[in-house]
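Engineer: Quick one: the structure is below, questions incoming.
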Amino acid sequence: MRDVCVIGGNRYFGKRLIARLLAAGDRVTVVNRGSAPPPDGTVHLIADRGDERALTAALGPHTFDVVVDQVCYSPRQAEVARRVFTGRTRRYVMTSTVEVYEYEDSPTPVREGAVDPRTVAVDLGLPWDDPAFLDAHYGEGKRQAEAVFARDPDFPHVSVRVAHVLGGDDDFTGRLDHYVRRIEAGEPIAVPAVNRPATYIHVEEIADFLMWVTGADFTGPVNAASHGTLTTEELCRAVAAHVPGGRTVFRTVDAGEVSPFSFARSYAMDNSLATGLGYSFGQAREWLPGAVTETVGATARGAVPLGKGD
């Protein structure tokens, strides 16, 4: 039995990870601000993870075998976590993102070395506490957060760079719903002139992967993505199968906002590091139809409140 701390993790793949930890017999402590109750069977500690004093007080004498940080979005939050959890855990897992590669445009899938967090400059003076700034600089916030953890060799950590997540009847992001609404109405779907494919991962698969990472012993960044890439056209075909009489219309835009999962740059992720370490990913094209069925069915019933997030 392990003692595992999960920071955040009340929804989507975070709650699935917690369910797996509990099923494995782990003691799970959930740290959040108290806005939502954690899953049954967990210990609940209430604190703002960005408030060092509050977080330290809430943790008290607790120590952990593993910490999984689901909600680290800035270098300031990472600095607090590194100070508070040094000496409290043998392993720290930060959920990062494919968006750390936002400046890459590689014709081949990107490997972890394309963004080495040890060389990323950290600027704590930026307005990281401003939600609008943080939202607009999501990839940079994650990149600098990784850098904060990477600069301390005595702090054993993993940064899981998660591909775009699909599936589940509780996908709250509204990204697939964007396609449903437009295909239903025959409205145009905005895409860049050159629309690149991307890598994805199913919501259950990323929960499985994070569970696997908690029990592994490697450190540093690792890409988490299913095998194969998907295009906007493939996503639309999968959605259109659930929209009788719907019509898919694409509109090319040279500038401005494009539809979700439409990319002018190539930054599909290479998953060979994880596979070489022993993890077996699924094939994106095989799970895509089921993932769309789960999400589209739930949004059509109004069962999933839409909101922005991971």
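For the sequence shown, my numbering begins at 632 and goes up steadily by one.
Quick reminder that beta carbons are idealized off the backbone N, C-alpha and C, glycines included.
Around the C-beta of Q631, are 16 or more other C-beta atoms found within 10 angstroms, so that it is buried, or is it exposed?
Structural biologist: Residue 631 is absent from the structure shown; the chain starts at 632 and stops at 941.
Engineer: Pairing CB atoms from the stretch 896 to 904 with CB atoms from the stretch 733 to 746, are three or more of them under 8 Å?
Structural biologist: Yes: the two stretches touch, three or more of their Cβ pairs being nearer than 8 Å.
Engineer: Buried or exposed: V793, going by 16 or more other Cβ atoms within 10 Å of its Cβ?
Structural biologist: That one is buried.
Engineer: Sort A829, R782, V796, V870 by Cα distance to R813 and report the nearest one.
Structural biologist: V870
Engineer: I'd like the list of long-range same chain contacts for V702, defined as Cβ closer than 7 Å, with 5 residues on each side in sequence excluded.
Structural biologist: I638, G639, R680
Engineer: Does the distance from the C-beta atom of R664 to that of V674 stay below 9 Å?
Structural biologist: no
Engineer: Taking E777 and P748 to be in contact with their CB atoms under 8 Å, please state how far apart those CB atoms are, rounded to whole angstroms.
Structural biologist: 4 Å
Engineer: So what does T862 bridge to, in DSSP terms?
Structural biologist: None, per the DSSP bridge assignment.
Engineer: Out of curiosity, what's the CA-to-CA distance linking G913 and R651?
Structural biologist: 18 Å
Engineer: Under the DSSP definition of a beta bridge, which residues are partnered with S903?
Structural biologist: Beta-bridge pairing links S903 to no other residue.
Engineer: What does a CB cutoff of less than 6 Å around D941 pick up in its chain, not counting 5 residues either side in sequence?
Structural biologist: Confidence at D941 is low in this model, with a pLDDT of 33, below 50, so the placement of that residue should be treated as unreliable; the coordinate-derived value is given next. There are no such residues.
Engineer: Tell me whether the stretch 852 to 870 and the stretch 689 to 702 touch, counting them as touching only if at least three CB pairs, one residue from each stretch, are closer than 8 Å.
Structural biologist: no
Engineer: Can you check DSSP and say which residues form a bridge with M790?
Structural biologist: Reading off the sequence shown, one finds Ser at residue 790, where the question assumed Met. DSSP output for S790 lists M725, P852 as bridge partner(s).
Engineer: If P668 and K646 are in contact, beta carbons under 8 Å, what's the gap, nearest whole angstrom?
Structural biologist: With 8 Å as the limit, P668 and K646 do not qualify as a contact, their Cβ atoms being about 11 Å apart.
Engineer: Can the beta-carbon of E729 be found less than 9 Å from the beta-carbon of T845?
Structural biologist: The sequence shown places Val at residue 729, rather than the Glu named in the question. No. Outside cutoff.
Engineer: What alpha helix (DSSP H) runs, 4 residues minimum, are completely inside the stretch 693 to 778?
Structural biologist: 706 to 716, 762 to 767
Engineer: Going by C-alpha to C-alpha distance, which of E735, L797, F695 sits closest to T717?
Structural biologist: F695
Engineer: I need the straight-line Cα distance from T906 to E818, nearest angstrom please.
Structural biologist: 41 Å
Engineer: Within 10 angstroms of the Cβ of D808, are there 16 or more other Cβ atoms? Answer buried if so, exposed if not.
Structural biologist: buried
Engineer: Since I believe F840 is in contact with V789 (beta carbons under 8 Å), could you give me their beta-carbon distance rounded to a whole number of angstroms?
Structural biologist: Not really, about 11 Å apart at Cβ, beyond 8 Å.
Engineer: Looking only at its own chain, which residues have a Cβ that is under 6 Å from the Cβ of A856, when we skip the five neighbours before and after it?
Structural biologist: A794, T830, I832, M900, N902
Engineer: Going straight from the alpha carbon of P706 to that of G772, what length do you get?
Structural biologist: 6 Å
Engineer: Using the Cβ count rule (16 or more neighbours within 10 Å means buried), how would you classify I820?
Structural biologist: buried
Engineer: Can you check which of these residues, Y910, E836, P852, I837, is closest to R723 by C-alpha distance?
Structural biologist: Note on residue identity: the sequence assigns Tyr, not Arg, to residue 723. Looking at the Cα atoms, P852 is the closest of the given residues.
Engineer: Spell out the partners DSSP gives A689 in its beta bridges.
Structural biologist: Paired residues: none, contrary to the question.
Engineer: If you reduce the DSSP assignment to three classes, tell me which class T924 lands in.
Structural biologist: Of the three classes helix, strand and coil, the one that applies to T924 here is helix, per DSSP.
Engineer: Tell me where the beta strand (DSSP E) around A821 begins and ends.
Structural biologist: 819 to 823
Engineer: Which same chain residues end up closer than 6 Å to G938 when comparing Cβ atoms and leaving out the 5 residues on each side of it in sequence?
Structural biologist: Bear in mind that the predicted position of G938 carries a pLDDT of just 40, short of 50, making it too unreliable to give a figure here.
Engineer: With L653 and G672 assumed to form a contact (beta carbons below 8 Å), what rounded beta-carbon distance in angstroms separates them?
Structural biologist: 5 Å
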